[in-house]
Amino acid sequence: MKKIISIFMTLALLCLSLTGCGYEYQELSLVGTYTRDYAGTEITVYNWGEYISDGADGAIDVNREFEKVTGIKVNYLTFESNETMYSQVKNGGVKYDIIIPSDYMIGRLIKEGELQKIDTSKLSNYNLIGEQYKSLFFDPKNEYTVPYSVGMVGVIYNQKLVGDVENSWGVLWDEKYKDQTLNFNNPRDAFMTAQMLLGQDLNSTNKDDWKAAAEKLKEGKANLQSYVMDEVYGKMETGEAAIAPYYAGDYLTMLETNPDLRFFYPKEGTNIFVDSICIPKNAKNKDAAMLYINFLLEPDIATANAEYIGYASPNTAVINNPDYYYYQNEILYPDEKDMPKVQYYHDIDDKIRIYYETLWVQVKLY
Amino acid sequence: MNKKSFGSQLLAAPHIVWSVLFTVVPLFIMLYFAFTNADGVFTLENIKQIGLYKKAFGISILYAVIATLITLLIAYPMAYFMTKVNISSQRMLMMIVMIPMWMNFLIRTYSWITILANTGIINTFLKSIGLGPVKLINTPGAVILGMVYDFLPYMILPIYSVMSKIDKSLLEASEDLGSNAFNKFRRVILPLSRPGIISGITMVFVPSVSTFYISQKLGGNKTMLVGDVIEYFFNAGPDYYNVASAISMVLMIMILVCMVIMNRFSDDDSEGVII
Chain A
1 MKKIISIFMT LALLCLSLTG CGYEYQELSL VGTYTRDYAG TEITVYNWGE YISDGADGAI
61 DVNREFEKVT GIKVNYLTFE SNETMYSQVK NGGVKYDIII PSDYMIGRLI KEGELQKIDT
121 SKLSNYNLIG EQYKSLFFDP KNEYTVPYSV GMVGVIYNQK LVGDVENSWG VLWDEKYKDQ
181 TLNFNNPRDA FMTAQMLLGQ DLNSTNKDDW KAAAEKLKEG KANLQSYVMD EVYGKMETGE
241 AAIAPYYAGD YLTMLETNPD LRFFYPKEGT NIFVDSICIP KNAKNKDAAM LYINFLLEPD
301 IATANAEYIG YASPNTAVIN NPDYYYYQNE ILYPDEKDMP KVQYYHDIDD KIRIYYETLW
361 VQVKLY
Chain B
1 MNKKSFGSQL LAAPHIVWSV LFTVVPLFIM LYFAFTNADG VFTLENIKQI GLYKKAFGIS
61 ILYAVIATLI TLLIAYPMAY FMTKVNISSQ RMLMMIVMIP MWMNFLIRTY SWITILANTG
121 IINTFLKSIG LGPVKLINTP GAVILGMVYD FLPYMILPIY SVMSKIDKSL LEASEDLGSN
181 AFNKFRRVIL PLSRPGIISG ITMVFVPSVS TFYISQKLGG NKTMLVGDVI EYFFNAGPDY
241 YNVASAISMV LMIMILVCMV IMNRFSDDDS EGVII
């Protein structure tokens, strides 16, 4: 008897949990056509953390939908920095079919022959990509990349904790905010904050520039609470820290949790990046990867991703969709007059790169 | 004749294969990288560069020494106390020591963030009684605390296991011969528990000096221990494999030297010896 009851209870619990997390299935309307010829195969996707709509809060679970439509299994892995991604791709332990790095890293991967060409004529949705995001410096002929997401770095601050702050990178060095500020825990972005303040070219090939930026970072280090990457969310949302440079899109995500947060693009200028979809040269399932890329460009899918990520989308079907949550958002899509001075990161000469990546350790050890 | 049977040699085979594949071979790969440049040509350049990171070595050793001393100060009385209570209480205490070890140490470290943060448990309490906030996290103290917390069981267990085997009749003999409690401790218990202390020190010092995650999470990424430098360089890509290997090699040598020294203090046939 006991057994029957326990089985019954288990079933009841199971039903409950199923109704609890079962999300409302929205019928996708797909523009492209997707063959099931590759059903049963798998692809490995390597993307930034928190960088795809994963079905949370009833949104579309992009990977699951792709699996449903094509029958191709998606192994989805994430990275926290371009550099980590780079070393994983280089050491070749895992063969990735799709990677989504940033512009300068793509430049480097192309230069080192790590990527294979993508025939965009085979992507029926490629025409949705805005013209201003095509033919960028790292891929002038649009041979290797399909733009995925666009972002700019700015400064997030907690108005309740520190009031209004000066529109400048200098806030990170201001002793008024001692132990309340954060900075990036990766050399390129952290150096950027100092380089902007010093009025340097972000892609300077002069070692003295980098040395000066390192000195500037050392000078501000005592002021900082910590160097962070993804932990910035928790720290800014809870008020653990008050000022942090981070990506505009992530600010919008944090704002949902903490309405006291404000944002500005510093007057000295800032970094803009485009993360694009690429196929590594040793991909095992290129045809399936092509289907995946086209799927990511689908208006419904791209909108779901843009809403989840909160970054600007290069996809015109998203930008011009009045139902899009960030439609005409002035932080993601600033008017021409509000557009900050921006610089892209370029792939820097190895000597300089090794120089500043090593300097970064000295900043930390200072 | 000390010749082992073929059967008993076969029993050891899995472990030997394992050790060769995952200890000996990687060690040689590390040595190879440490003494070559990116093109595989022999060079001492990587070793010369290590001077740049002497501060990382310095603070790693300093933090590890402090953490080891603190764990010893906490663990020794704890282990002594554990041997004094009845057997069921001993089991109970043992459980309490072991339970945290069954959880992943990354998670255990992470939980300290919520305790020490400016908006964490301690500071929220201090603020509510008008005493805070106090800067706890992102300090060297927080890093050392993390080490102590994570590695404390490695100190308690060997000391306890040695102490619990001390022959009670020796303690009685010392009392019969007129020792007071202090002398009994100093002349009998302490010397007899030394192997446990030695192995405890080694088991705490070695992981502390080479740790990398604790300093990042509890130290706010503001400094780098040797482990952090190695991790950073390996993550930064193949350009740094040689330098990172050279640093790893020096760390390895440091650890070996320190184990040799520690084993000098220990009796050869004692139970707590590691190597």
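Residue numbers (the working numbering), protein chains in the order written: chain A, 1 to 366; chain B, 1 to 275.
Note that CB positions come from ideal geometry on N, CA and C, so glycine has one too.
For residue 79 of chain B, which of helix, strand or coil comes out of DSSP?
-> helix
Does residue 84 of chain A have its Cβ less than 8 Å from a Cβ in chain B?
-> It does: the Cβ of residue 84 of chain A has a partner Cβ on chain B nearer than 8 Å.
Compute the beta-carbon to beta-carbon distance between residue 242 of chain B and residue 34 of chain B, rounded to the nearest angstrom, for a pair I have assumed lies under 8 Å.
-> 7 Å
Tell me whether residue 174 of chain B sits in a helix, a strand or coil according to DSSP, three-state version.
-> Correct three-state label for residue 174 of chain B: helix.
To which residues of the same chain is residue 44 of chain B closer than 8 Å at the C-beta, ignoring the five residues directly before and after it?
-> 35
Which residues, in order along the region 275-297 of chain A, keep a beta-carbon less than 8 Å from a beta-carbon of chain B?
-> From the region 275-297 of chain A, no residue has a Cβ closer than 8 Å to chain B.
Within 8 Å (strictly less), CB to CB, does residue 220 of chain B reach chain A?
-> yes
Cβ of residue 261 of chain A within 8 Å of Cβ of residue 123 of chain A?
-> no
Between the CA atoms of residue 218 of chain B and residue 196 of chain B - distance to the nearest angstrom | Near 29 Å, if we compare the C-alpha coordinates of residue 218 of chain B and residue 196 of chain B.
Outcome for residue 112 of chain B when other beta-carbon atoms lying within 10 angstroms are tallied against a minimum of 16 | Result: buried.
Of the residues that make up the region 210-237 of chain B, which ones have a beta carbon closer than 9 Å to any beta carbon in chain A?
-> 216, 217, 219, 220, 221, 222, 223, 224, 228, 229, 232, 233, 234, 235, 236 and 237
Span separating the alpha-carbon of residue 246 of chain A from that of residue 156 of chain A = 7 Å
Residue of B:5, B:262 and B:229 minimising C-alpha distance to residue 54 of chain B | B:229
Work out the CA separation of residue 192 of chain A and residue 352 of chain A for me, nearest whole Å.
-> Whole-angstrom Cα-Cα distance: 14 Å.
Near-chain B residues of the region 346-365 of chain A - C-beta to any C-beta below 9 Å = The residues in question are 350, 353, 354, 357, 358, 360, 361, 362, 364 and 365.
Should the region 154-164 of chain B be called in touch with the region 185-195 of chain B, which here means at least 3 C-beta pairs below 8 Å?
-> Contact between the region 154-164 of chain B and the region 185-195 of chain B is present, because at least three Cβ pairs lie under 8 Å.
Give the interface partners of residue 238 of chain A over in chain B, defined as CB-CB distance under 7 Å, in chain order.
-> 119
Got a sec: which bits of the region 218-234 of chain A sit with their beta carbon under 8 Å from any beta carbon on chain B, in order along the chain?
-> 221, 224, 225, 226, 227 and 228
Note down, in chain order, all residues in the region 181-208 of chain A with a beta-carbon under 8 Å from any beta-carbon belonging to chain B.
-> Correct list: 185.
Exposed or buried, what is residue 103 of chain B when buried is set at 16 or more other beta-carbons lying within 10 Å of its beta-carbon?
-> exposed
CA-to-CA distance, residue 211 of chain A to residue 190 of chain A, given in whole angstroms | 13 Å
Residue 334 of chain A - containing beta strand (DSSP E), residue span | Where residue 334 of chain A is concerned, there is no enclosing beta strand (DSSP E), given that its DSSP letter is neither H nor E.
Could you say if the region 3-23 of chain B and the region 246-266 of chain B meet the contact criterion of at least three C-beta pairs nearer than 8 Å?
-> no
Which residues, in order along the region 129-162 of chain B, keep a beta-carbon less than 9 Å from a beta-carbon of chain A?
-> 135, 137 and 138
Taking Cβ-Cβ distances shorter than 7 Å, what residues in chain A pair up with residue 176 of chain B?
-> Under the 7 Å cutoff, chain A gives no residues; its nearest Cβ is about 58 Å from residue 176 of chain B.
Option in B:258, B:179, B:147 and B:164 with minimal Cα separation from residue 82 of chain B | B:164
Given residue 272 of chain B, which residues of its chain have a CB within under 6 Å of its CB, disregarding the five upstream and five downstream residues?
-> Residue placement at residue 272 of chain B is poorly supported in this model, since its pLDDT is 48, which falls under 50; the coordinates still yield a value, given next. For residue 272 of chain B, where only same-chain residues beyond five positions count, the Cβ hits under 6 Å are 158, 162, 195, 196 and 199.
Report yes if the CB atom of residue 74 of chain A is closer than 8 Å to the CB atom of residue 43 of chain A, and no otherwise.
-> yes
Could you please tell me which residues of the region 66-96 of chain A, in chain order, have their CB closer than 8 Å to any CB of chain B?
-> 81, 83, 84, 86, 87, 90 and 91
State the beta-bridge partners of residue 77 of chain A as determined by DSSP.
-> Among the bridge pairs identified by DSSP, residue 77 of chain A is matched with A:46.
Tell me residue 152 of chain A's beta-bridge partners as DSSP assigns them.
-> A:272
What are the partner residues of residue 42 of chain B, as DSSP defines its beta bridges?
-> B:36
Expressed to the nearest angstrom, what Euclidean distance is found between the alpha-carbon atoms of residue 119 of chain B and residue 237 of chain A?
-> 11 Å
Could you tell me whether the Cβ atoms of residue 87 of chain A and residue 46 of chain B are closer together than 8 Å?
-> no
At a Cβ threshold of 8 Å, is residue 39 of chain B touching chain A?
-> No, residue 39 of chain B does not count as interfacial toward chain A.
Can a CB atom of chain A be found closer than 8 Å to the CB of residue 48 of chain B?
-> no
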